[in-house]
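Visitor:
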Amino acid sequence: MQGFINKYNRDYYGGALMLLLGLGAMLQGMTYPVGTLSRMGPGFFPVSLGAILALIGLIIIATAKSSIPAGEEVHLPPEWRGWICIITSIFAFIVFGIYGGLLPATFAVVFISALGDRQNTVKQAFVLALAVTVVGVVIFWWALQMQFPLFRWG
Amino acid sequence: MIEQSLTDLWFGFGVALQPHNLMWSFFGVLIGNLIGVLPGLGPISAIAMLLPLTYTMKLVPAILMLSGIFYGSQYGGAIGAILLNLPCHPPHAVTCLDGYPLTKQGKAGTALGITMIASFFAASFGIIVMIFASPLLVKFAFKLGPAEIFSIMLLGLLAGGTMAKGSALKGVAMTVVGLLIGIVGTDVNSGTARFTLGFVELQDKIDLVALSLGLFGVGEFLRSVNRIHIVGSGTKVRLRDMRPSKAELKQAFFPMVRGTLIGTLFGAMPGTGPTITTFIAYAVERKISKTPERFGHGAIEGVASPEASSHSKTQVDFIPTMSLGIPGDAIMALILGALLIQGVQPGPQLISEHADLFWGLIASFWVGNVLLLVLNVPLIGIWVKLLQVPYRYLYPSALFFIAIGVYSANNSLFEVGEVLIFGLAGALFATLEFPAAPILLGYVLGPMVEENFRRALLLSRGDMMVLVKRPISGGFMAVSALLVLTQLFFWLRSALRESIRKKEARARLS
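Structural data, given as structure tokens:
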């Protein structure tokens, strides 16, 4: 992501994102009754905030050129392995939480996310996941009696 | 007045020292200290992770514990900065500048010792300010109507946005994003479901725990995976090294006092984050020093002053939150969220309605700070070892605690999905150099801002001038306007200088 976003284009993207978010909030807000100043409807606040945000986005874009910092930027290579593993691990926690239960979900989130670090071997990730699973089950299932069955099928 | 405060404080100690409350307070400072030491986890994540645990707890121990995490983490953050040069906790990054050189000179013990003394001194001062300032503020607060409350909140939001790290405009943008996130859910006045995107789960608002753990937990991991590499310094700190000599104490005394005062001032101002406070304390110290060249090479003043400022700010921060119900920064927003979850309506009536909470909290600050002092001296060896826990083991375990913590809030896996979304958003915002802390402030204040704005304009029959006409409200609006104008001025000045510089460069070329 760092190579794609750099100090020359960062504020253009940032401003555009704010503009989009602002316009989105305004459009969605207008589907609720807006009302008048003395009798505001549920749409009033979202529409005004959306307008403010869109305006700020425009200003960020307009001033992007003058706010490019001088000096070199540290370029960090994209970290796809880490990102994909972390995102997948949380996703796996949700899926295994529904179709598996606490035990597989815990193991999955730790194991998959640990694989995201380049220094971790599969064996280390496995041992770490096993250890956290034991601790997690003892704390949350046994000690705190959380409403999350150890195993369940759908 | 003073007598009354002292009697109340005595009562507070009674509350704080009840075994049950004391236990949770101790638990809080211990966890806070631990999290503060561990690299890559901040107090926001720590408080958010333990927030679900407080749902089943009573009000007083719950708030004592969460506050304990906050000030406990301040002690821990300094240890990593001094011993390992780890700027993982932004407020303590400035402590690295002189703390780490001291470690390299073999004076780590002294630096830690001075830090502990400065921290305790500053915290005590902050607590005393809180004891006497809060009741005064409450008297003032009862005069406030919806227009005034809206103006104060507006000032807090603007200050929170503009004082955040980086560009002021981006900070304000993030505040507005936070306000918009606060809108998601069912509108209290009309029952309309807003911004729910068709999800039934979202009608009940976005979960505070999911939002903060996403932005500050998962978002942070996405940013630092494979990028944090910690090399142990192998420093051994012995107990007797930690006692500073008389000369060192003398050298650190006035910086400590100045740091404390700066922290107190910034704590009372809404919206000023802890990082800017410590940086200013450091800058002031370097400016007035007779030997500024020593700074950056192990000047003890450069450790004492920022650490003192961070601790007095931490305590003073609680004043507007507890007496007005208006949090000054992201962490206070979380504490306020915890109060709301417990069914307490924050505001000027809190001190009288929940006297046990307010005075118990103040007394527990003192008890907690003493505990931290006692805890840190013998445990320093363990903290040093913990600092060397590799990040590659730390973040997968933390991810599990985040996932289970969010799940336990409402026994809902939907909210774990929210964490993922906000984590991605947090990482994206950080890459685009937007600060995340104002989002949390905007989210918590959002519903209150809307409610008071609506009410103020309903009472004035749609006349916006009411916000300026009423004296107190007008005063706060003026300060807000001043804030915007100064930012505009600084921006124009730097833009002008830039264009002159470019013109000169072009003239030189031709």
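As you go down the protein sequences, you meet chains A and B in turn.
So the first sequence is numbered by my numbering: it starts at 291 and just counts up by one.
So the second sequence is numbered by my numbering: it starts at 271 and just counts up by one.
For every residue, glycine included, the Cβ atom is placed at its ideal position computed from N, Cα and C.
(1) Check for me: the alpha helix (DSSP H) holding Gln521(B) runs from which residue to which?
(2) Going by DSSP, what residues sit across from Gly298(B) in a beta bridge?
(3) Between the Cα of Phe486(B) and those of Ala706(B), Val307(B) and Thr277(B), spot the shortest distance and give me the residue it belongs to.
(4) Assuming Leu425(B) is part of the alpha helix (DSSP H), what are its boundary residues?
(5) Can you tell me whether DSSP reads Ala600(B) as helix, strand or coil?
(6) Less than 8 Å between CB atoms is the rule here; does Glu768(B) satisfy it with respect to chain A?
(7) Ignoring anything shorter than 4 residues or poking outside the segment 308-366 of chain A, list the alpha helix (DSSP H) runs there in chain order.
(8) Ignoring anything shorter than 4 residues, give me the alpha helix (DSSP H) runs that lie fully in the segment 580-638 of chain B, in order along the chain.
(9) Is the CB of Tyr325(B) under 8 Å away from at least one CB in chain A?
(10) Could you tell me whether any Cβ in chain B is nearer than 8 Å to the Cβ of Tyr298(A)?
(11) Between Glu734(B) and chain A, is any beta-carbon pair separated by less than 8 Å?
(12) Use the C-beta contact count for Ile290(B): other C-beta atoms within 10 angstroms, 16 or more gives buried, fewer gives exposed.
(13) According to DSSP, simplified to helix, strand and coil, what is Ala569(B)?
(14) Evaluate contact between the segment 340-354 of chain B and the segment 297-307 of chain B, counting only Cβ atoms and requiring at least three cross-stretch pairs below 8 Å.
(15) Please list the partners that Ile346(A) has in chain B, where partner means a Cβ-to-Cβ separation under 8 Å.
(16) Note down, in chain order, all residues in the segment 734-758 of chain B with a beta-carbon under 9 Å from any beta-carbon belonging to chain A.
(17) Express the C-alpha separation of Gly390(A) and Pro544(B) in angstroms, rounding to a whole number.
(18) Please compile the residues from chain A whose C-beta is within a distance smaller than 8 Å of the C-beta of Gly455(B).
(19) Within a Cβ cutoff of 6 Å, which residues of the same chain sit near Ala286(B), ignoring the five residues on either side of it in sequence?
(20) Taking buried to mean at least 16 other C-beta atoms within 10 Å of its own C-beta, is Trp370(A) buried or exposed?
(21) Any C-beta of chain B sitting closer than 8 Å to the C-beta of Met330(A)?
(22) Of all the CB atoms in chain A, is at least one closer than 8 Å to the CB of Ser460(B)?
(23) Along chain B, which residues have their Cβ under 8 Å away from the Cβ of Ile374(A)?
(24) Alpha carbon to alpha carbon, how far is Arg528(B) from Gln585(B)?
(25) Check whether the Cβ of Tyr713(B) lies closer than 8 Å to any Cβ atom in chain A.
(26) Please classify Lys377(B) as buried or exposed, where buried requires at least 16 other C-beta atoms within 10 Å of its C-beta.
(27) Output needed for Leu334(B): all residues of its chain with C-beta closer than 6 Å, excluding positions within five of it in sequence on either side, in chain order.
(28) Tell me whether the beta-carbon of Phe340(B) lies closer than 8 Å to the beta-carbon of Ile601(B).
(29) When the cut-off is 8 Å and only beta carbons count, does Met308(A) lie next to chain B?
(30) Using the Cα positions of Ala466(A) and Ala419(A), report the straight-line distance between them to the nearest angstrom.
(31) When you compare each of Leu367(B), Gln757(B), Glu721(B) and Ile314(B) to Ala480(B) by their alpha carbons, which one comes out closest?
(32) Report yes or no: do three or more beta-carbon pairs, one from the segment 313-331 of chain B and one from the segment 663-677 of chain B, lie closer than 8 Å?
(33) Do you know how far the Cα of Ala332(B) is from the Cα of Ala603(B)?
(34) Keeping to the same chain, check which residues put their C-beta closer than 6 Å to that of Ala551(B); ignore five residues upstream and five downstream.
(35) Excluding sequence positions up to five away, which residues of its chain have a Cβ less than 7 Å from the Cβ of Met512(B)?
(36) Considering Ala419(A), what are the terminal residues of the alpha helix (DSSP H) in which it resides?
Guide: On the basis of the data shown:
(1) Along the second sequence, read from residue 1 onward, the residue named residue 521(B) stands at position 251. For Gln521(B), the enclosing alpha helix (DSSP H) begins and ends at Lys516 to Ala538.
(2) Walking along the second sequence from the start, residue 298(B) turns up at place 28. In the DSSP output, where bridge partners are listed per residue, Gly298(B) has none listed.
(3) Position 216 of the second sequence, counted from the start, is the residue given in the question as residue 486(B). Selected option, being the one with the closest Cα: Ala706(B).
(4) Here residue 425(B) refers to the residue found at position 155 when the second sequence is read from its first residue. Run containing Leu425(B): Pro416 to Thr432, per the alpha helix (DSSP H) assignment.
(5) On the second sequence, residue 600(B) is found 330 positions in, with the first residue counted as 1. Helix at Ala600(B).
(6) As a first step, residue 768(B) is located in the second sequence; it is residue number 498 there, counting from the start. It does; some Cβ of chain A falls within 8 Å.
(7) Runs found: 334-352.
(8) Listed in chain order, the alpha helix (DSSP H) elements of length 4 or more contained wholly in the segment 580-638 of chain B are 588-593, 600-611 and 620-623.
(9) Numbered from 1 along the second sequence, position 55 holds the residue referred to as residue 325(B). For Tyr325(B), the answer is no, since every Cβ of chain A falls outside 8 Å of its Cβ.
(10) Within the first sequence, the letter at position 8 stands for residue 298(A). When Cβ-Cβ separations below 8 Å define contact, Tyr298(A) makes no contact with chain B.
(11) As a first step, residue 734(B) is located in the second sequence; it is residue number 464 there, counting from the start. At residue 734(B) the sequence reads Met, which differs from the Glu that was named. By this cut-off, Met734(B) is an interface position.
(12) Here residue 290(B) refers to the residue found at position 20 when the second sequence is read from its first residue. The question names Ile, but residue 290(B) is His in the sequence shown. Classification for His290(B): exposed.
(13) Taking the second sequence and counting its residues from 1, one reaches residue 569(B) at position 299. Three-state DSSP puts Ala569(B) in coil, outside helix and strand.
(14) Under the three-pair Cβ rule at 8 Å, the segment 340-354 of chain B counts as touching the segment 297-307 of chain B.
(15) Within the first sequence, numbered from 1, the residue matching residue 346(A) stands at position 56. The answer, in chain order, is Leu439, Val442, Ala443 and Val446.
(16) Hits within the stretch, in order: Met734.
(17) Reading the second sequence from its first residue, position 274 is the one you call residue 544(B). Reading the first sequence from its first residue, position 100 is the one you call residue 390(A). Cα to Cα, the separation comes out at about 43 Å.
(18) The count along the second sequence starts at 1 and reaches residue 455(B) at position 185. From the beta-carbon of Gly455(B), no residue of chain A is found nearer than 8 Å; the closest lies around 11 Å away.
(19) As a position in the second sequence, residue 286(B) is number 16, starting the count at 1. Same-chain partners within the cutoff: Gly630, Ala633, Ser634 and Val637.
(20) Walking along the first sequence from the start, residue 370(A) turns up at place 80. With fewer than 16 neighbouring CB atoms inside 10 Å of its own CB, Trp370(A) falls in the exposed class.
(21) As a first step, residue 330(A) is located in the first sequence; it is residue number 40 there, counting from the start. Yes - at least one Cβ of chain B is within 8 Å of the one on Met330(A).
(22) Here the question's residue 460(B) lines up with position 190 in the second sequence. Yes, its Cβ sits closer than 8 Å to a Cβ of chain A.
(23) On the first sequence, residue 374(A) is found 84 positions in, with the first residue counted as 1. Within 8 Å Cβ-Cβ: nothing; Ile374(A) doesn't reach chain B, min ~10 Å.
(24) Residue numbering aside, residue 528(B) sits at position 258 when the second sequence is read from its first letter. Residue numbering aside, residue 585(B) sits at position 315 when the second sequence is read from its first letter. Their backbone Cα atoms lie some 16 Å apart in a straight line.
(25) Within the second sequence, residue 713(B) is the residue found at index 443, counting from 1. No, because no Cβ of chain A sits closer than 8 Å to the Cβ of Tyr713(B).
(26) Taking the second sequence and counting its residues from 1, the one referred to as residue 377(B) is at position 107. Buried, since its Cβ has 16 or more Cβ neighbours within 10 Å.
(27) What you label residue 334(B) is simply residue 64 of the second sequence in a count that begins at 1. Closer than 6 Å at Cβ, skipping near neighbours: Asn291, Trp294, Ser295 and Ser634.
(28) For the purposes of this step, residue 340(B) is identified with residue 70 of the second sequence, where counting begins at 1. For the purposes of this step, residue 601(B) is identified with residue 331 of the second sequence, where counting begins at 1. Closer than 8 Å, so yes.
(29) Walking along the first sequence from the start, residue 308(A) turns up at place 18. Closer than 8 Å to some Cβ of chain B, the Cβ of Met308(A) qualifies, so yes.
(30) Since the first and last residues shown for chain A are 291 and 444, residue 466(A) lies out of range.
(31) Taking the first residue of the second sequence as 1, we reach residue 480(B) at position 210. Nearest C-alpha to Ala480(B): Ile314(B).
(32) Between the segment 313-331 of chain B and the segment 663-677 of chain B, the count of Cβ pairs shorter than 8 Å is three or higher; the stretches touch.
(33) Along the second sequence, one-based indexing puts residue 603(B) at 333. Along the second sequence, one-based indexing puts residue 332(B) at 62. In this structure, the alpha-carbon of Ala603(B) lies about 15 Å from that of Ala332(B).
(34) The residue given as residue 551(B) occupies position 281 in the second sequence. The answer, listed in chain order, is Gly529, Ile532, Ser575, Pro576 and Ser579.
(35) Residue numbering aside, residue 512(B) sits at position 242 when the second sequence is read from its first letter. Once the five neighbours on either side are set aside, the close Cβ partners of Met512(B) are Gly379, Leu382, Gly383 and Val647.
(36) What you label residue 419(A) is simply residue 129 of the first sequence in a count that begins at 1. DSSP places Ala419(A) in the uninterrupted alpha helix (DSSP H) bounded by Val412 to Gly426.
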